[in-house]
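Heads up: the sequence shown is residues 133 to 299, going by the numbering used here. Backbone N, C-alpha and C fix where the C-beta goes; we use that ideal spot for every residue, glycine too.
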Amino acid sequence: MNYIDFFREEYLTPEDLLTFVQVLNLFQTSMPPGECWCIKSANHAALRSFNATHPHKARFKGRDAQALALSLVNQFYSDEKPVIVRRSNCHSFHCINPDHFFYGTHTDKQLQRQKRNGVSIDIEIIDEIRELRKTDQQTWTYKALSKKYKLPEHIIGRICRRQSYDV
């Protein structure tokens, strides 16, 4: 699949594709590198086809603008990676910078949310926590693991019970 087919599947015209690309180009040329391209805070006539009425994503003519932006950098939905994940360096739900998103898993989404909240966690740490807890539950209580890894107890509990970060 390519971005032209993706826009066509979303029932968007070539003119819509051109408008979308022009808006991305406008942001890229007018914003410092790495900044969020938030359509909610931007004020430009080219953004009239965009809206921020959805609480967690930008929309372009009623479609998910983040998915459209990712298609332009050849990232598409797959069964292995079905979720659009906002990177931890992004501070706006209504950002359309394709560098601030990727397709990933629910676990990736949780990890990025924790990083955004200042919690340092990754897959290796999750595996270590589960292994320690599995080997000796008496020694490695949620509280002991919490102190060792400097994570809140409720997150440790969810990891050990596989309620969160299940990989």
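Selection from the options that minimises the alpha carbon distance to residue i
i: residue 161; options: 229, 297, 269, 273; result: 229
i: residue 226; options: 211, 201, 177, 281; result: 201
i: residue 149; options: 182, 221, 282, 189; result: 182
i: residue 232; options: 156, 273, 286, 288; result: 156
i: residue 264; options: 249, 176, 292, 283; result: 292
i: residue 147; options: 255, 178, 261; result: 178
i: residue 209; options: 290, 249, 135; result: 135
i: residue 235; options: 212, 272, 279, 285; result: 212
Contact with chain C by residue i, beta-carbon distance below 7 Å
i: residue 181; result: Here chain C cannot be found, since the structure has a single protein chain.
Three-state secondary structure (DSSP) of residue i
i: residue 231; result: helix
i: residue 250; result: coil
i: residue 195; result: strand
i: residue 139; result: helix
i: residue 274; result: helix
i: residue 292; result: helix
i: residue 241; result: helix
i: residue 223; result: coil
Beta-bridge partners of residue i, as assigned by DSSP
i: residue 217; result: 234
Whole-number beta carbon distance between residue j and residue i, since they are thought to touch under 8 Å
i: residue 216; j: residue 198; result: 5 Å
i: residue 281; j: residue 255; result: Wrong, their Cβ atoms sit about 13 Å apart, outside the cutoff.
i: residue 191; j: residue 144; result: With a Cβ gap of about 12 Å, residue 191 and residue 144 do not count as contacting.
i: residue 184; j: residue 193; result: Wrong, their Cβ atoms sit about 14 Å apart, outside the cutoff.
i: residue 176; j: residue 158; result: 7 Å
Q) Of all the alpha helix (DSSP H) runs that stay within the bounds of the region 143 to 187, which reach a length of 4 or more residues? A) 146 to 162
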